[in-house]
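One structure below.
Here it is in structure tokens:
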């Protein structure tokens, strides 16, 4: 038995060691991509995320301390009070309880709870009751199966999937307040580095705010199960300098760039089912079920971040959306090769 | 007349045919047989739910994997969650409660034996309905063949617009039917504990096991009823033109969340209180000491029962309840940590100064204490609402509640299996296989659920069938999946141990653990009538009094 136990423990130790080192090796070789902090909640870059980060450090410190104390007690019990080999076979002294001790381990946790509660209540108020300055950017985010619609009512801009907001630094504090709506099922807006998540629920408007302190692209994705393609309902937030943001707004306000002669691709677009769902401002296409395509080429990705916005991907997406995003509500358009080419060429003009 | 001429009638009764045998089990109203039916039924579903989990983990082993389609993955997590909660955890805990409560309180059966059978068969029928959706729900093109709305089935995903066909109906009916079973079993447990105790066993002298299950049963009555109501409302929405949750007609998705979680959170305590009950019986016996602070343990249990009814909306910190409601639910949620902490301290104090024997049941209990401590602390992290805005619906939450349900509840369940298997079968299990099971499962558990916290912190939401590379999630998901195979191996060893011990195990005798509660005073397995004469008790540990007439408990209590 003893021999078996030692061989078992050796087997366990070797297995754990092997797994650990192979994990380290795989992790070290893992491509990190161009977003080093990606979606790490401990790399906050905006006030709400920073408030949460501060609170989380406090909570982690308190719970970590509790863990160490209780774990040490458990370990001490297991080692110190194990049955010895030379045990005399008598029952240990029976202890039935102690009111003092019970009182101690009731009052101390109560005090800890009070401290945690007060710290938490303060952050809730800071984030949820924050005053909205007059110069705040207003965005309406509408969740759809399985993409994001963004509307800037003050600028008359409508876009999809890639949210653009200005940086909010000390010289120009420009927070963005986002009103959250849903066109169909529940979704959740979550950019971990900018703010905690808030759900988009039909018939239940919500709001949240961000004030990113550094320019760059921030990632996230839908965080409430919303149907088949919940997984590829990705979020990208482009935080731009004040000038770049103003320029982006200017460009987005333009109607679609249409050549003098209606191209063959445009004719296909406007005579097939495309226009039932998509809008191209300034043309007959005014559907609202799918993303606005007026400035399609100004976006880096298609299919809510599921693929890069390249002519090949765009063509593939029209030909067979399921190849990129099975379960997406975009139908395969059943076009011939020349039609596909023409249509892709037309879409490539929507800058 | 000579004796030789008399032909004795053949009295060697032929062993009953298989059909007769089956008949006695199907028609039984014996609490022990119903208990075993519950347990075996739940073990079958445990394997099914485990296979579903394995499918999901293989799909997530690397980014952009295509082991299963998104549709299949969504069905897998819906079925896994529903199966594990309603058709594994609840029945298996009811099974132990059914089997053990009458034995522990010196009764011959539950208060309502026929209601008991009704409860089991309703639960069993519910499970079959759920899985019948695999063949029966394919009513319309694209309807899918199993529910895919997630185990909390948020509206309006369950409306006819978004859930065509009948898979959601099978889900609804399965929960409705098994809910009736759960409520009837709960009523039975309450009645049994309150009315069937043997002479001398006052409420203050009954085993903690009975106390914890009493509170659990009360919670079932309070919590399952709103769920049942909500399921009926959902059916009305889907078929009779009601608009409770139909947002397109002015209904409220948030109301469903409230209905579901006012069931869903007490449900966590419905599952964990029986786990506490196992620990409260097993830890004292293997530490050779009386439970420390019995009255405080009872008080903490009742406190948990009450507070657990006021914490449900901490599942809804991200749905926009407003700052004041969020603040209230932070406080109530933090408050429940206090009685739970008291319980952990009392178990530690029970071990303190004892002589701890590391038999398999005790190993599982010690692992439970360690894991439940961590589960409680990650729970405290999420009770801080702003932290939950980041952690909610991420893999951190998935890791947290698996720490509670697997690391807490399943570990104590394994302890209970090994501890009471000798009583139920009359046979001793294999200690070597038991320890192998423990270590395999412990390694698998920690590989899977320790590392599962990390992708959550790195922004990985739950319920996604695939994920993008380059976000630092790949390695963690790989390790998590590797752990699954250790757990599966552990489960196989466990099932093998049960079968091998049942057929080949040594006789256990009536009291293999030198324990103190009444079930160990009768034969293993107990006869149909449990006790030849109804016992009379004077303290919480009647068998201690019997074994130590010079130093009985009743002198001190």
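Residue numbers (our numbering), protein chains in the order written: chain A, 1 to 351; chain B, 1 to 557.
We put the beta carbon where it would ideally sit given N, CA and C, even for glycine.
Predicted model, so just to flag it, every value in this text is computed and none were measured.
Is residue 142(B) close to chain A, meaning its C-beta is less than 7 Å from at least one C-beta of that chain?
Caution is warranted here: a pLDDT of 49 is assigned to residue 142(B), below 50, making its placement in the model unreliable, and no coordinate value can be reported.
Touching or not, the region 150 to 165 of chain B and the region 92 to 100 of chain B, by the rule of three or more beta carbon pairs under 8 Å?
no
Option nearest residue 476(B) by Cα separation, candidates 38(B), 57(B), 514(B) and 19(B):
It is 57(B).
Spatial distance of residue 62(B) from residue 507(B) (CA atoms)
49 Å
Compute the Euclidean distance between the alpha carbons of residue 333(A) and residue 469(B), then round it to the nearest angstrom.
Cα-Cα distance, rounded: 29 Å.
Residue 208(A) - containing beta strand (DSSP E), residue span
Counted as a single uninterrupted DSSP element, the beta strand (DSSP E) harbouring residue 208(A) occupies residues 206 to 210.
Beta-carbon proximity of residue 293(B) to residue 92(A), cut-off 7 Å:
no
Thinking C-alpha only, which one of 48(A), 297(A) and 270(A) is nearest residue 196(A)?
48(A)
Evaluate contact between the region 450 to 457 of chain B and the region 485 to 501 of chain B, counting only Cβ atoms and requiring at least three cross-stretch pairs below 8 Å.
With the rule of 3 Cβ pairs closer than 8 Å, the region 450 to 457 of chain B does not count as touching the region 485 to 501 of chain B.
Are the C-beta of residue 427(B) and some C-beta of chain A separated by less than 7 Å?
no
Which residue spans inside the region 20 to 91 of chain B form an unbroken alpha helix (DSSP H) run of at least 4?
Qualifying alpha helix (DSSP H) stretches, in chain order: 31 to 59 and 70 to 82.
Could you give the distance in angstroms between the alpha-carbon of residue 181(A) and the alpha-carbon of residue 253(B)?
13 Å
From the DSSP secondary-structure annotation, give me the bridge partner or partners of residue 252(A).
Residue pairing by DSSP places residue 252(A) opposite no residue, since no beta bridge is assigned to it.
Leaving out five residues before and five after residue 142(B) in sequence, what residues of the same chain have Cβ atoms less than 7 Å from its Cβ?
Annotation note: pLDDT 49 at residue 142(B) (below 50); position unreliable, coordinate value reported separately. Here the set comprises 164.
Beta-carbon proximity list for residue 166(A), same chain, < 7 Å, skipping 5 on both sides:
137, 174, 240, 242 and 245.
What are the boundary residues of the alpha helix (DSSP H) that residue 359(B) is part of?
Run containing residue 359(B): none; DSSP gives neither H nor E here.
Give a yes or no on whether the C-beta atoms belonging to residue 145(A) and residue 186(A) are separated by under 7 Å.
no
Report the rounded CA-to-CA distance for residue 411(B) versus residue 227(A), giving the unit in angstroms.
33 Å
Could you name the residues of chain E that residue 357(B) contacts, counting a contact when the two beta carbons are closer than 7 Å?
No chain E is present in this structure, whose protein chains are A and B.
Scan the region 220 to 254 of chain B for residues whose Cβ lies nearer than 8 Å to a Cβ of chain A and list them as they occur along the chain.
247, 248, 250, 251, 252, 253 and 254
For residue 216(A), report the span of its alpha helix (DSSP H) as first-last.
Taken as a continuous stretch (DSSP letters only), residue 216(A) belongs to no alpha helix (DSSP H), being part of the beta strand (DSSP E) at 216 to 221.
How would you write the range of the beta strand (DSSP E) that residue 187(A) sits in, first residue to last?
187 to 189
Measuring straight from C-alpha to C-alpha, what distance separates residue 196(B) and residue 492(B)?
Going from the Cα of residue 196(B) to the Cα of residue 492(B) covers about 38 Å.
Can you give, in chain order, each stretch of the alpha helix (DSSP H) that sits fully within the region 96 to 140 of chain A and has at least 4 residues?
99 to 128
Identify whether residue 164(A) lies in helix, strand or coil by the three-state DSSP scheme.
strand
Three or more beta-carbon pairs under 8 Å between the region 186 to 193 of chain B and the region 251 to 269 of chain B, yes or no?
no
Indicate the three-state DSSP secondary structure (helix, strand or coil) for residue 553(B) in the structure shown.
helix
Could you name the residues that DSSP lists as bridge partners for residue 315(A)?
Bridge partners of residue 315(A): none, in fact.
By the three-class DSSP mapping on this structure, what secondary structure does residue 240(A) have?
strand
Using a Cβ cut-off of 7 Å (strictly closer), state whether residue 327(B) contacts chain A.
yes
Interface residues of chain B around residue 197(A) at Cβ under 8 Å?
For a Cβ distance threshold of 8 Å, residue set 318, 389, 390, 392 and 393 of chain B lies close to residue 197(A), ordered along the chain.
Three or more C-beta pairs below 8 Å linking the region 296 to 313 of chain A and the region 151 to 163 of chain A
yes
Do residue 334(B) and residue 116(A) have their C-beta atoms closer together than 7 Å?
yes
For residue 235(A), name the three-state secondary structure that DSSP assigns.
Residue state, collapsed to three classes: strand.
Please report the straight-line C-alpha distance between residue 368(B) and residue 376(B), rounded to a whole angstrom.
12 Å
Secondary structure of residue 283(B), DSSP reduced to three states:
helix
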